[in-house]
Amino acid sequence: MNPQGIASFDRTGGQEPDICLIVEGCYPHILGGVSSWVDWLMRSLPLHRFGLISLVSGNEPRSPKYEFPPNLVRFLELDLKGPVPLDRNRNYKVSPRQSEAFANILADLVTHGGSNALSDLLSEMDKLPGYPTYQCLTKSEFAWQVVCSMYRRLMPESSFIDFYWAWQSLIGGLFAVLMFPLPPARIYHCISTGYAGMLAARAAIEKGSRAIVTEHGVYTNERRIEILTADWIADTIDNGLAIDSRRLDLRDLWIKSFESYARTCYQACDAITTLYSDNQKLQIDLGADVEKLVIIPNGIDINRFGSVQPEFGNTPTVALVGRVVPIKDVKTYIASARIVRDAIPDVRVLVLGPLDEDPEYAGECRSMIEDLDLADTVILAGRVNVMEWLPRIDVMVLSSLSEAQPLTVLEAGAAGIPCITTNVGSCREILHGVDNEDPSFGVGGIVTDVVAPDQIAEAVISLLRDKELRAQMGSNLRARVREFYSSERSRNAYANLYKLQRFQEASTWQA
Amino acid sequence: MSIQARDTNESKSVFSAARLALALVAALAVDLALIHAAVVAQAPLGALLILHLFVGPAVWLATKGEGVETLPSIALLAITVMGPVGALGTLALAAYLAWPVHSQRPNNDWQETLSKPSERDLPQMFAQAITEGRLFEPGQQSDAPSFLRIAAEGSVEQRYAMLGLVSQHFDPSFMPALRQALKSDVSAVRVSAAAVFSKLRDKNRLQMMEGRPESDTLTAHEAERIGLILARGVASGLLDPLDLIAARKKSLSFLLQARPEATVADEVEEIISTLLYDSGDESALDARLKLLDAAESQVISRLKAGLHMRAWRHEELRQTMRARTGSSDRLNSVRPLGGGQPLLSVLRGEST
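Going down the list, the sequences are from chains A and B. Counting along the first sequence from 1, when you hit position 357 you're at 357 in our numbering, and nothing is skipped either side. Counting along the second sequence from 1, when you hit position 53 you're at 564 in our numbering, and nothing is skipped either side.
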C-alpha cells in the first residue's frame with residue numbers, strides 16, 4: 001500500500017459485496033463530475049453493499065474528498081505504476097521462444113483487443129516460470145526481450161527510446177491491473193473503459209462474474225482527443241501532412257491501445273450503459289454489441305426544480321449558467337448579446353457562474369462587454385444560487401464547445417424554461433428527444449452550431465419575441481425532463497440492472 | 512527546496528567551513544607549541560603526548576555539524592596520527608574542496624561526461640532517418656486530398672487524422688477545414704474538432720498576451736515586436752469577429768508607433784498594409800505606399816494585388832494590374848495551368 005494514498009478498508013465481515021465499482025482517476029480523490037455520480041449511486045441504493053477499487057497513478061499524496069457511505073464495505077486503491085518493489089528481479093528471464101510468444105500475444109491485445117486476446121494473455125502469464133512479480137514483467141531481462149520484440153513488430157521506424165517509455169506506461173499499467181489481487185463480488189461495474197474496463201474484463205474472464213460498463217463520456221474518444229492535441233507526445237516519424245500513413249508512430253500506438261482496451265471491455269461486459277445515444281454510435285464503432293447497449297441518463301431532483309414559479313412582467317431575460325471558462329465559450333454568448341440587444345434594447349443577458357477559475361478569461365469577457373458597449377445589458381453575476389434566479393429567466397443559453405449531459409439544461413427544463421444549446425453532448429437529445437421517443441413531447445428548444453453567435457442571437461430573438469413559442473417549448477421540455485431525466489428513474493434503472501441475472505432481460509430506458 | 516532554504520543552507524555551510532579552518536589553525540598552533548615544548552623546554556614527553564591526544568577530539572567537537580560532515584572526522588584522524596602535518600593537510604584539503612570548481616561540478620558538465628551532445632551534421636541525420644525509415648516518403652503526397660474535402664467527405668478515421676495534423680501543425684489556411692469539422696454530422700468528430708479549436712484558440716490567446724507592453728514608453732523596436740505578435744494573432748483565423756477588430760486596431764497602433772511612415776517595402780510593411788487594408792482604411796494605405804521608393808514599385812504592386820485578390824475586389828485588382836502593364840508582355844503571356852486565356856486578360860476582364 002502506498003503510504004501517501006487512502007487507507008484500504010474491509011468491512012465486509014466475510015460476506016462478498018453485491019457490486020464492486022471500478023473507477024479511474026475520480027472517486028474519492030476528486031470532487032464533482034463522475035465522482036459525484038459514484039457517490040450518488042451508492043447513496044441512492046442503500047440496500048446494496050458496494051466494494052470500490054479506485055485506480056490511481058503514482059505516489060502523490062491523496063485524501064478522500066467524500067465521506068464514505070455506510071454501504072461502501074470495501075475500499076482499495078490500485079496504483080497503475082505497480083506495487084512498491086520488494087526486489088528488483090532484473091535477472092528474471094525465460095526462454096527466447098516463450099518471450100517471443102508472450103510478446104506476440106501482448107501485441108495482439110494492444111493492437112486488436114478482445115476478450116479472447118485478454119484470456120490468452122492471462123493464460124500465458126500463468127505459464128511463466130517462478131511466480132513472476134510486477135518488476136519481473138516490466139523491468140527485467142524478460143521485459144527487455146518483450147519490449148524489443150514488440151517494437152520490431154509494431155513500429156520499427158519510430159524512436160525506440162520513446163517506444164520504450166510509452167511501453168512502460170501503457171503495458172506497465174496493464175500489468176498492474178492484471179496482477180492486482182481481485183476481491184470477490186457478485187457484479188463488477190466499471191465506470192469507464194481503459195484500465196478500469198480491463199480490470200472488469202479480467203473479473204468476467206477469471207471469475208465468470210457479471211460485468212457492466214457505464215460511460216459518461218466515451219473514454220476512448222476522450223483519450224483520443226487528449227492524444228491528438230497533446231504536445232508531450234513526440235512525433236518521431238515524418239509523415240508530413242499525410243492522412244493515411246502505414247507507419248505507426250507513438251500517437252497511433254496510444255490511440256490503438258485505448259481502442260483495444262475498450263474493445264476488450266465491451267466484449268467481456270454483458271451490459272454497456274451510457275448517458276445518451278450519440279455515445280452509443282462511438283461504442284458501436286469500437287466493437288460494442290448493439291444487444292448489450294442501454295441508455296441510462298443522469299437525473300435531477302424534479303420536485304425541487306419543478307417548483308420554480310416564473311415571475312411575470314419582468315424585463316426579457318436570457319441566462320447562461322456555467323463557469324466562465326473557455327470551454328463554455330462565454331465570448332460567443334457575449335457576442336450574440338450585442339445582436340440581441342440591437343433587436344431588443346431592454347434585454348438583460350446574465351452569466352451565472354464562478355469567475356475565479358480562469359480570471360484571465362473572465363477579464364477578457366469583461367473587456368469585451370465594455371468594448372461592445374454592453375455594460376447595461378450583460379451582467380456577470382458570479383457564483384449564485386441558481387434557484388433564486390430561475391424564476392426571472394425567460395430563455396436559457398448554453399454556448400459550450402463540449403459537454404456530456406449538462407445538468408443546467410435539465411434544471412432549466414424542469415423549471416419550464418426553453419433552452420438554446422450548441423450541438424454538443426446530449427443537448428439535441430434533451431431538447432428534441434430521441435428518434436423514437438415515446439411518448440413524443442415535441443421540441444423543447446433550439447440547437448445551434450458551436451462558435452456561431454449569429455445563430456444563437458437569432459434563436460434568442462425568436463424566442464423572446466414569441467411568448468407562445470417560448471411557453472410551448474418550455475412546456476415540452478418540462479414534460480420530457482419529468483418523464484426521462486428524474487434521479488428516481490435513473491436510480492431504478494441501475495437497481496434493475498443489478499437485479500438481473502443476465503442483461504438480456506433488460507429493456508431500454510425509454511420503453 | 513525553496514530558494515530561501517537553499518540560501519540559508521549555503522550560509523550555514525560557509526560558516527561551518529570558516530569554523531573548521533579556524534579550528535585547524537588552532538590545532539596546528541597547539542601541536543607546534545607542544546613540539547616546541549618538547550624540543551626546546553624539554554617538557555615530559557608522556558604529558559605532551561596526552562595533551563596532543565586531546566587536540567584531534569577538540570577539533571572534531573568544535574566543527575562537527577551541518578555543511579561539513581566528513582572533514583571533522585578526517586581532521587580527528589589526521590591530527591591524532593600526524594599532529595601538525597595532519598592539521599596542515601586537512602586545512603589544504605578543506606581549501607581544495609571549498610574551491611567551487613572542485614567541490615561542485617555543474618550539472619551540464621557532469622551530464623556531458625555521461626553522454627556527449629550529438630555533433631551529427633545534417634547529411635548524417637538524413638542518412639540515419641533514411642536507414643531507420645523515419646524520413647518523409649514523398650510518394651504519400653501524390654494524391655493527397657485537401658483537408659476541406661476530408662472534413663466534408665472523409666471517413667471518420669481520416670477526419671480524426673486530419674484534426675490531429677491541424678492541432679499539431681496549425682496554419683491559418685486550415686481554418687475552413689476546422690470550421691467544417693465543427694459542423695460535422697458525426698458527434699465524435701464535432702467534439703474532437705471543438706477540442707482542437709479550443710486548444711488552438713487558447714494557445715493563440717496566450718501568445719497574444721505576450722504582446723502586452725511592459726511600460727508606457729516603448730522603443731520603436733519594442734512597439735514593433737508587440738505589434739507583430741498581435742498581427743500574428745489577427746492572422747490566425749482563431750479570433751471571433753469582435754476580438755479580431757479590437758486586436759487589429761491594437762496591432763496597427765503599435766506598428767504605426769514603430770513606423771510612423773513607410774520607409775522600406777519589407778515584410779513588416781506588408782503586414783501594416785494588410786492591417787490597414789483589412790481595417791478599410793485605404794486612404795491611409797495609399798498615402799503610405801506612395802512614400803515608398805519607386806524602385807520598389809513591383810513589390811508594392813504585388814502587395815496591392817494580393818490584398819485586392821484576398822478581398823475578391825476584382826475591379827481594384829484589374830486597376831492595379833493595368834497600372835503595371837506598361838512592361839507587362841511577360842505577364843500577358845502567362846496562361847493558367849492547362850492552357851486557356853492569358854491570366855492578365857482574365858484580370859483585365861477581356862474576353863478572347
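Yeah, the Cβ is synthetic: ideal placement off N, Cα and C, and Gly gets one too. Bear in mind the structure is a predicted one, so any value in this text is a computation, not a measurement.
Item: Would DSSP call SER747(B) helix, strand or coil?; Value: coil
Item: Between the Cα of VAL443(A) and those of ALA479(A), ILE171(A) and ARG489(A), spot the shortest distance and give me the residue it belongs to.; Value: ALA479(A)
Item: Residue range of the alpha helix (DSSP H) that CYS365(A) falls in?; Value: 359–371
Item: What number of angstroms, rounded off, separates the C-alpha of ILE227(A) from the C-alpha of ILE284(A)?; Value: 21 Å
Item: Would you call ARG732(B) buried or exposed, if buried means 16 or more other Cβ atoms sit within 10 Å of its Cβ?; Value: One point to set straight first is that residue 732(B) is His, not Arg, in the sequence displayed. Classification of HIS732(B): exposed, given that the 10 Å Cβ count is below 16.
Item: Judging by CA-CA distance, which residue of LEU407(A), MET387(A), SER123(A) and TRP40(A) is the nearest neighbour of ARG202(A)?; Value: SER123(A)
Item: Whose CA, out of SER584(B), GLU664(B), ALA688(B) and VAL536(B), lies closest to the CA of LEU572(B)?; Value: SER584(B)
Item: Checking contacts by CB at 8 Å: is ASP301(A) closer than that to chain B?; Value: no
Item: Examine chain B for any beta-carbon lying closer than 8 Å to the beta-carbon of LYS281(A), and answer yes or no.; Value: yes
Item: Examine chain B for any beta-carbon lying closer than 8 Å to the beta-carbon of THR448(A), and answer yes or no.; Value: no
Item: Quick check: what's the CA-CA separation for GLU222(A) versus VAL213(A)?; Value: 16 Å
Item: Looking at chain B, is there any beta carbon in it that lies within less than 8 Å of the beta carbon of ASN423(A)?; Value: yes
Item: Can you tell me which of the three DSSP states ILE446(A) falls into?; Value: strand
Item: Using a beta-carbon distance below 8 Å, is PHE765(B) in contact with chain A?; Value: no
Item: To the nearest angstrom, how far is the alpha carbon of LYS93(A) from that of ALA196(A)?; Value: 29 Å
Item: Can you pull the DSSP bridge partners for GLY382(A)?; Value: LEU352(A)
Item: Could you name the residues of the stretch 693–705 of chain B whose beta carbon sits closer than 8 Å to any beta carbon of chain A, in the order they occur along the chain?; Value: LEU693, LYS694, VAL697, SER698, ALA699, ARG701, VAL702, SER703 and ALA705
Item: Kindly say whether VAL290(A), judged by its beta-carbon, lies nearer than 8 Å to any beta-carbon of chain B.; Value: no
Item: Does the beta carbon of ARG616(B) come closer than 8 Å to any beta carbon on chain A?; Value: Annotation note: pLDDT 49 at ARG616(B) (below 50); position unreliable, no value reported.
Item: Assign CYS26(A) to one of three DSSP states: helix, strand, or coil.; Value: coil
Item: Pull out every residue of the stretch 251–275 of chain A whose Cβ sits closer than 9 Å to any Cβ of chain B, in chain order.; Value: ARG251 and ILE255
Item: Just to confirm, are ALA589(B) and THR601(B) a CB contact at a threshold of 8 Å?; Value: yes
Item: Going along chain B, which residues have a C-beta under 8 Å from ASN221(A)?; Value: ALA699, VAL702 and SER703
Item: Count the other CB atoms, across all protein chains shown, that sit within 10 Å of the CB of SER838(B); report buried if there are 16 or more and exposed otherwise.; Value: Residue confidence for SER838(B) is low, a pLDDT of 40 falling below 50, so the modelled location carries little weight and cannot support an answer.
Item: Is there a Cβ from chain A that is less than 8 Å from the Cβ of ILE740(B)?; Value: no
Item: Three Cβ pairs or more, each shorter than 8 Å: is that satisfied between the stretch 44–61 of chain A and the stretch 157–164 of chain A?; Value: no
Item: Can you name the residues of chain B whose CB is closer than 7 Å to the CB of SER399(A)?; Value: Chain B residues near SER399(A): none, gap ~11 Å exceeds 7 Å.
Item: For the stretch 135–159 of chain A, list every residue whose C-beta sits within 9 Å of some C-beta in chain B, in sequence order.; Value: PRO156, GLU157, SER158 and SER159
Item: Is LEU588(B) helix, strand or coil by DSSP?; Value: helix
Item: Inspect the beta-carbon positions of LEU282(A) and ALA699(B) and report whether they are closer than 8 Å.; Value: yes
Item: Classify TYR151(A) as helix, strand or coil using the three-state DSSP reduction.; Value: helix
Item: Just reading off the beta strand (DSSP E) that GLY51(A) is part of, what are its end residues?; Value: 50–56
Item: Contact between the stretch 355–372 of chain A and the stretch 488–499 of chain A: three or more CB pairs below 8 Å?; Value: no
Item: From the DSSP output, in three-state form, read off THR264(A) for me.; Value: helix
Item: Are the beta-carbon atoms belonging to LEU80(A) and LEU52(A) less than 8 Å from one another?; Value: no
Item: For the stretch 757–789 of chain B, which residues have a CB atom closer than 9 Å to at least one CB atom of chain A, in sequence order?; Value: ALA757
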